[in-house]
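Visitor: Protein chains in written order, with the numbering used here: chain A, -2 to 118; chain B, 10 to 216.
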Amino acid sequence: MTRYLLLLAMLFVLASCKTMRPISNLEIGPTASRYLEISSLHSGIASSNLLRVGLSGFNTSIQNREVRYRFAWLDNSHFEIPGLSSRWQYTTLQAKESFSFEMIAPTPSASHYKVYLFDVK
Amino acid sequence: MQKQSTIKFSKAAALSLFMVLGVGCAPQTQLLRSGMNDMPVIAGLSNSDFKQAASEAVQSMLRSGSVDRSDGKKNILVISSILNDTMQRIDTDQLIKKIRIELLQSGKVKTTTAIGLNGSEDVMNQKYSQLSLSKKINKNTLVRQKLTAPNLSLSGKIIQRNNQLKSSSQLVEYYFQLTLTDLSDGLAIWEGETAIRKVTSSNSVSW
């Protein structure tokens, strides 16, 4: 009986280890989330083997909004890969207009990504 | 006597106070860390501007497919003339080195340091061939050199234009123009231009 309980406990532990918490690909700041509507976050391949990511949305605010955003590129082990394409960028979103950003990963080893979008203030 | 010593003491106190205020009001040296949100913006070209221009150029090259090859080999790039047509004394390597790093990281382009407009960028490429003449060198450890010729060339120009807006402000525009040439036929396979605009006081100088 003890052996079976032990086996069951081991199975539970292994199952929890195998199940990785899914990583959300988009993080929007609390201020930005009040006026931004994200219509799509999509990915593809550029230059035959580089990850390419695009983000589209709409500024629902009646004012122009200054935001900062960055694309973080992750390898298979979810370590971030540095590069110019992952630095913070600043832009102004026009009032009541749609917007889109896109970026190509710096290296073929980038297999995952995460996009950060915050209000400048 | 007492009056003279009082005057002397007053002068010393005033001088001390002046020095303390002078040191306290002097701008403190501050380390600017990469990624800080409030990096100072200057009228001239800064590291941020070179990063912006380099990033846009590389992204455009990758998006266009101009550095793709179907034979699995990497392109070999040589840096040609990058003209500085601004009023500033800048080292164009501030732009080019960033582009080279990104292209190398992409796995599609390598840059030759053995061939250049003014000879080798790395003179060790030439010095190495002379090692075989030295009796001190173990000949078994020498690697036979076979330098690779470039097939792509990167050239360009950085332009500055100043325009008066109002009596108190001016518009300073920088244009980073770059061209990627296929050396096999001398044709441009990619061209790009990044514009960076700054509005600054008419009194500020961008050089």
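Heads up, the beta-carbon is just placed ideally off N, CA and C, and yes, glycines get one too.
Find the nearest neighbour of K93(A) within the set L81(A), R62(A), Q86(A), F76(A), judged by alpha-carbon distance.
Guide: If you number the first sequence from 1, residue 93(A) lands on position 96. Taking only the C-alpha atoms, the option nearest K93(A) is R62(A).
Visitor: In this structure, does DSSP put E94(A) in helix, strand or coil?
Guide: Translated into the one-based positions of the first sequence, residue 94(A) becomes position 97. Correct three-state label for E94(A): coil.
Visitor: Do you know how far the Cα of L26(B) is from the Cα of S30(A)?
Guide: Looking up residue 30(A) in the first sequence gives position 33. Looking up residue 26(B) in the second sequence gives position 17. C-alpha separation (whole angstroms): 52 Å.
Visitor: May I have the straight-line CA-CA distance separating A23(B) from V64(A), to the nearest angstrom?
Guide: Residue mapping note: residue 23(B) aligns to position 14 of the second sequence, counting from 1. Residue mapping note: residue 64(A) aligns to position 67 of the first sequence, counting from 1. About 50 Å.
Visitor: Along the alpha helix (DSSP H) that carries V67(B), what are the first and last residues, could you check?
Guide: On the second sequence, residue 67(B) is found 58 positions in, with the first residue counted as 1. That run of the alpha helix (DSSP H) goes 56 to 73.
Visitor: Would a C-beta distance cut-off of 8 Å place L52(A) and F98(A) closer than the cut-off?
Guide: Reading the first sequence from its first residue, position 55 is the one you call residue 52(A). Reading the first sequence from its first residue, position 101 is the one you call residue 98(A). Yes; because the gap between Cβ atoms is below 8 Å, this pair is in contact.
Visitor: Less than 8 Å between the beta carbons of I108(B) and V76(B), yes or no?
Guide: For the purposes of this step, residue 108(B) is taken as the residue at position 99 of the second sequence. For the purposes of this step, residue 76(B) is taken as the residue at position 67 of the second sequence. It is not a contact, given that the beta carbons lie outside the stated cut-off.
Visitor: From what residue to what residue does the alpha helix (DSSP H) around D102(B) run?
Guide: In the second sequence, residue 102(B) corresponds to position 93, counting from 1. Start and end: 102 to 115.
Visitor: Can you have a look at M70(B) and say buried or exposed, based on whether 16 or more other CB atoms are within 10 angstroms of its CB?
Guide: Position 61 of the second sequence, counted from the start, is the residue given in the question as residue 70(B). Buried, since its Cβ has 16 or more Cβ neighbours within 10 Å.
Visitor: Looking only at DSSP bridge pairs, what is L81(A) linked to?
Guide: Here residue 81(A) is taken as the residue at index 84 of the first sequence, counted from 1. None, per the DSSP bridge assignment.
Visitor: Just how far apart, CA to CA, sit N172(B) and T209(B)?
Guide: As a first step, residue 172(B) is located in the second sequence; it is residue number 163 there, counting from the start. As a first step, residue 209(B) is located in the second sequence; it is residue number 200 there, counting from the start. In a straight line, the C-alpha of N172(B) is about 10 Å away from that of T209(B).
Visitor: Distance cutoff 8 Å, beta carbons only. Does Q114(B) sit that close to anything in chain A?
Guide: Taking the first residue of the second sequence as position 1, residue 114(B) is located at position 105. By this cut-off, Q114(B) is an interface position.
Visitor: Please report the distance separating the alpha-carbon of I146(B) from that of P159(B).
Guide: On the second sequence, position 137 is the one that residue 146(B) refers to. On the second sequence, position 150 is the one that residue 159(B) refers to. Spanning the two alpha carbons is a distance of roughly 30 Å.
Visitor: Between the segment 95 to 112 of chain A and the segment 115 to 125 of chain B, can you find at least three pairs of beta-carbon atoms closer than 8 Å?
Guide: Yes, the segment 115 to 125 of chain B is in contact with the segment 95 to 112 of chain A.
Visitor: Could you name the residues of the same chain whose beta carbon sits closer than 8 Å to that of L151(B), not counting the 5 residues immediately before and after it, in chain order?
Guide: The residue given as residue 151(B) occupies position 142 in the second sequence. L140, S141.
Visitor: Please classify Q135(B): does DSSP put it in a helix, a strand, or coil?
Guide: Indexing the second sequence from 1 puts residue 135(B) at position 126. Here Q135(B) sits in helix by DSSP.
Visitor: According to DSSP, simplified to helix, strand and coil, what is A52(B)?
Guide: For the purposes of this step, residue 52(B) is taken as residue 43 along the second sequence, with counting starting at 1. Here A52(B) sits in coil by DSSP.
Visitor: Listed in chain order, which residues of the segment 74 to 85 of chain B have Cβ atoms closer than 8 Å to some Cβ of chain A?
Guide: Those would be G74, V76, D77, in chain order.
Visitor: Of all Cβ atoms in chain A, is any one closer than 8 Å to the Cβ of K207(B)?
Guide: Taking the second sequence and counting its residues from 1, the one referred to as residue 207(B) is at position 198. False, the Cβ-Cβ gap to chain A never drops below 8 Å.
Visitor: Decide if E111(B) is buried, meaning its Cβ has at least 16 other Cβ atoms within 10 Å, or exposed.
Guide: Numbered from 1 along the second sequence, position 102 holds the residue referred to as residue 111(B). So E111(B) ends up on the buried side.
Visitor: Take the Cβ of P19(A) as the centre, count every other Cβ of all protein chains shown within 10 Å, and call the residue buried at 16 or more, exposed below.
Guide: Position 22 of the first sequence, counted from the start, is the residue given in the question as residue 19(A). At P19(A) the pLDDT is 43, less than 50, meaning the model places this residue with poor confidence; the figure from the coordinates comes in the next sentence. By the 10 Å Cβ count, P19(A) comes out exposed.
Visitor: Would you mind working out which of T95(B), I99(B), T157(B), K148(B) sits nearest V87(B), comparing C-alpha positions?
Guide: Taking the first residue of the second sequence as 1, we reach residue 87(B) at position 78. Looking at the Cα atoms, T157(B) is the closest of the given residues.
Visitor: I'd like to know if T(-1)(A) contacts chain B, where contact means its C-beta is closer than 8 Å to some C-beta of that chain.
Guide: For the purposes of this step, residue -1(A) is identified with residue 2 of the first sequence, where counting begins at 1. For T(-1)(A), the answer is no, since every Cβ of chain B falls outside 8 Å of its Cβ.
Visitor: Which term fits N84(B), buried or exposed, when burial requires 16 or more other beta carbons within 10 angstroms of its beta carbon?
Guide: Numbered from its first residue, the second sequence carries residue 84(B) at position 75. Counting Cβ neighbours within 10 Å, N84(B) comes out buried, since at least 16 surround it.
Visitor: Can you have a look at A107(A) and say buried or exposed, based on whether 16 or more other CB atoms are within 10 angstroms of its CB?
Guide: Locating residue 107(A) in the first sequence gives position 110, counting from the first residue. Flag for A107(A) reads buried.
Visitor: So R98(B) is in the beta strand (DSSP E); what residue range does that whole segment cover?
Guide: As a first step, residue 98(B) is located in the second sequence; it is residue number 89 there, counting from the start. First-last for R98(B): undefined, no H or E at that position.
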